[in-house]
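Single-structure report; data block below.
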């Protein structure tokens, strides 16, 4: 299944597009629905997305700007759906690599035809990608793992992507597919494991450990730690000390 996100500031329209069209029948999964283009960009930075279906006229950031920013992610297919038949919109869409421009209300047949073509392009790209040797992906996974091991306090997906010469969105997908663990998941695990090491040493205060593993706010660290392990840092330390004393 290819992952699709839908972006429209009108929640009812976005939700309707997600629920009423049989996406799974043509090979797509609606991974998320957004009413803000900025929220969509934040999601794309950390999660695998194959297609973005977006409205154009939206507050804060419109679909044209969203598509422009996604030019750094050429592996993501972009489709517009809009109520506006505007030449400038069409021209900008072409410049930004948008695959299709659908008019609202979107006809079932038009949506089906559009996404069958999108799927064909994704299938072809996937086949080409699979032709690369396993060693190529193994090296990417290794390099990212080493980067996180050495830079877990300040690591970002964008910086990791730059180091392996890939776009952040593409690296996110490749890393998850080939390692079985998402970038953000590995970053969190690395930070939590390091925090456990430091909690075993009583010379480190909890707020020092928070900063050391990448949290500027000790409260955010405590929440993340408890969510991950089910106990607070202080409870973990006490349990570790009690176990060592026995």
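Residue numbers (my numbering): 413 to 658.
Glycine included, C-beta positions come from ideal geometry on N, C-alpha and C.
Could you say which of the options lies nearest to residue i if we only look at CA atoms?
i	options	result
residue 518	532, 430, 631	430
residue 624	461, 414, 452, 566	566
residue 484	528, 509, 556, 452	509
residue 467	551, 512, 433	512
residue 593	459, 454, 422, 416	459
residue 491	499, 514, 482, 471	514
residue 432	626, 524, 559	524
residue 452	438, 607, 488, 436	488
residue 607	472, 638, 584, 583	638
residue 533	574, 486, 501	486
residue 584	438, 454, 437	454
residue 589	505, 448, 438, 461	461
residue 516	530, 498, 507	498
residue 614	501, 646, 428, 577	646
residue 521	470, 435, 481, 579	435
Tell me whether residue i sits in a helix, a strand or coil according to DSSP, three-state version.
i	result
residue 639	helix
residue 622	helix
residue 419	strand
residue 515	strand
residue 520	helix
residue 414	strand
residue 567	coil
residue 436	helix
residue 535	helix
residue 615	coil
residue 644	coil
residue 530	helix
residue 469	coil
residue 630	helix
residue 577	coil
Since I believe residue j is in contact with residue i (beta carbons under 8 Å), could you give me their beta-carbon distance rounded to a whole number of angstroms?
i	j	result
residue 581	residue 456	5 Å
residue 463	residue 414	6 Å
residue 493	residue 440	The pair is not a contact, with the Cβ atoms about 15 Å apart (cut-off 8 Å).
residue 416	residue 478	Contact doesn't hold; Cβ gap of about 15 Å is too wide.
residue 472	residue 505	No, residue 472 and residue 505 are not in contact; Cβ-Cβ is about 19 Å, not under 8 Å.
residue 482	residue 501	The Cβ separation is near 16 Å, so there is no contact.
residue 576	residue 555	5 Å
Can you tell me where the alpha helix (DSSP H) holding residue i begins and where it ends?
i	result
residue 499	499-507
residue 582	580-591
residue 595	595-611
residue 546	546-563
residue 456	449-458
residue 478	475-481
Between which two residues does the beta strand (DSSP E) carrying residue i extend?
i	result
residue 489	489-494
residue 465	463-466
residue 443	440-446
Under 7 Å between C-beta atoms, does residue i make it to chain D?
i	result
residue 511	Of the protein chains in the structure, only one exists, and it is not chain D.
(message) Can you confirm whether the segment 558-572 touches the segment 432-445 when touching is taken to mean that 3 or more C-beta pairs between the two stretches lie within less than 8 Å?
(response) Counting C-beta pairs with one atom in each stretch, the segment 432-445 and the segment 558-572 have fewer than three that are closer than 8 Å, which means they do not touch.
(request) State whether the segment 591-608 contacts the segment 542-561, with contact taken as three or more CB pairs (one from each stretch) at a distance under 8 Å. (result) yes
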